[in-house]
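*Asks:* I have a structure here, written as structure tokens, and I will follow up with some questions on it.
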Amino acid sequence: MKKAILAFLLLTVNVMAADVTGRWSGQFKVDGGEHDVPQLLILKQVKNQLTGSGGPNETEQYPIENGNIDGNRLQFEITTGEWKFTYDLKVDGSTMKGHLELKSINDRRSASVSLTKAQ
Numbered sequence: 478m479k480k481a482i483l484a485f486l487l488l489t490v491n492v493m494a495a496d497v498t499g500r501w502s503g504q505f506k507v508d509g510g511e512h513d514v515p516q517l518l519i520l521k522q523v524k525n526q527l528t529g530s531g532g533p534n535e536t537e538q539y540p541i542e543n544g545n546i547d548g549n550r551l552q553f554e555i556t557t558g559e560w561k562f563t564y565d566l567k568v569d570g571s572t573m574k575g576h577l578e579l580k581s582i583n584d585r586r587s588a589s590v591s592l593t594k595a596q
């Protein structure tokens with residue numbers, strides 16, 4: 478009986494996990510910044526692995542690195558020249574929000590991210 482309950486719970490958790498495959502658009506705003514920076518993420522989820530690309534628009538995209546998903550939480554990195562973007566986002570239906578760390582050799586910034594899944 479305990480094994481059946483455990484199996485049911487594991488299946489329920491997997492069904493409840495977010496499927497983030499698709500296009501997500503929105504923006505991030507650097508803490509203390511004056512304007513929003515556009516974001517377009519093109520994501521592909523396979524189980525708990527996340528791949529795809531991200532950037533400011535369709536023509537400027539960079540590959541996702543170290544992407545993983547745990548329930549409704551996504552973590553991944555994108556490197557653009559001298560900048561490394563480290564995302565920590567939570568999915569809630571067709572929206573995704575969270576935190577972004579931007580790091581370069583001489584600078585470090587934090588930002589808030591807000592994205593919506595394209596229909």
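Following my numbering, the numbering of the sequence shown begins with 478 at its first residue and continues without gaps.
Note that beta-carbon positions come from the ideal geometry of N, C-alpha and C, so glycine has one too.
(1) Would you call the region 542-555 in contact with the region 523-531, where contact means no fewer than 3 C-beta pairs closer than 8 Å?
(2) Could you give the DSSP three-state label for proline 533: helix, strand or coil?
(3) Inspect the beta-carbon positions of glutamine 516 and glycine 532 and report whether they are closer than 9 Å.
(4) Looking at the structure shown, is glutamine 596 part of a helix, part of a strand, or coil, going by DSSP?
(5) Closer than 8 Å: is that where the CB of tryptophan 501 sits relative to any heavy atom of the ligand SAH?
(6) Have a look at Phe505, Asp565, Ser581 and Asn534 and flag the residue whose alpha-carbon is nearest the alpha-carbon of isoleucine 519.
(7) Using only alpha-carbon positions, find the residue among Asp508, Val497 and Ile546 that is nearest to arginine 585.
(8) If I measure Cβ to Cβ from lysine 574 and keep anything under 8 Å in the same chain, skipping five residues before and after, which residues do I get?
(9) Can you tell me whether alanine 484 is helix, strand or coil according to DSSP?
(10) If I measure Cβ to Cβ from lysine 561 and keep anything under 7 Å in the same chain, skipping five residues before and after, which residues do I get?
*Replies:* According to the structure data:
(1) yes
(2) The residue you call residue 533 lines up with position 56 of the sequence shown. Three-state DSSP puts proline 533 in coil, outside helix and strand.
(3) The residue given as residue 516 occupies position 39 in the sequence shown. The residue given as residue 532 occupies position 55 in the sequence shown. Their beta carbons are under 9 Å apart, which means glutamine 516 touches glycine 532 by this criterion.
(4) Stepping through the sequence shown from its first residue, residue 596 is reached at position 119. Looking at glutamine 596 - three-state DSSP - the assignment turns out to be coil, as it is neither helix nor strand.
(5) Only the bare structure without any ligand can be found here, which leaves the ligand SAH out of the picture.
(6) In the sequence shown, the residue the question calls residue 519 occupies position 42. Closest option to isoleucine 519, Cα to Cα, is Asn534.
(7) Translated into positions along the sequence shown, residue 585 becomes position 108. Answer by Cα proximity: Asp508.
(8) The residue labelled residue 574 in the question sits at position 97 within the sequence shown. Contacts found: Leu566, Lys567, Ser589, Val590, Ser591 and Leu592.
(9) Along the sequence shown, read from residue 1 onward, the residue named residue 484 stands at position 7. Residue placement at alanine 484 cannot be trusted, given a pLDDT of 46 that sits under 50; the coordinates are not used to answer.
(10) On the sequence shown, residue 561 is found 84 positions in, with the first residue counted as 1. Once the five neighbours on either side are set aside, the close Cβ partners of lysine 561 are Glu554 and Lys580.
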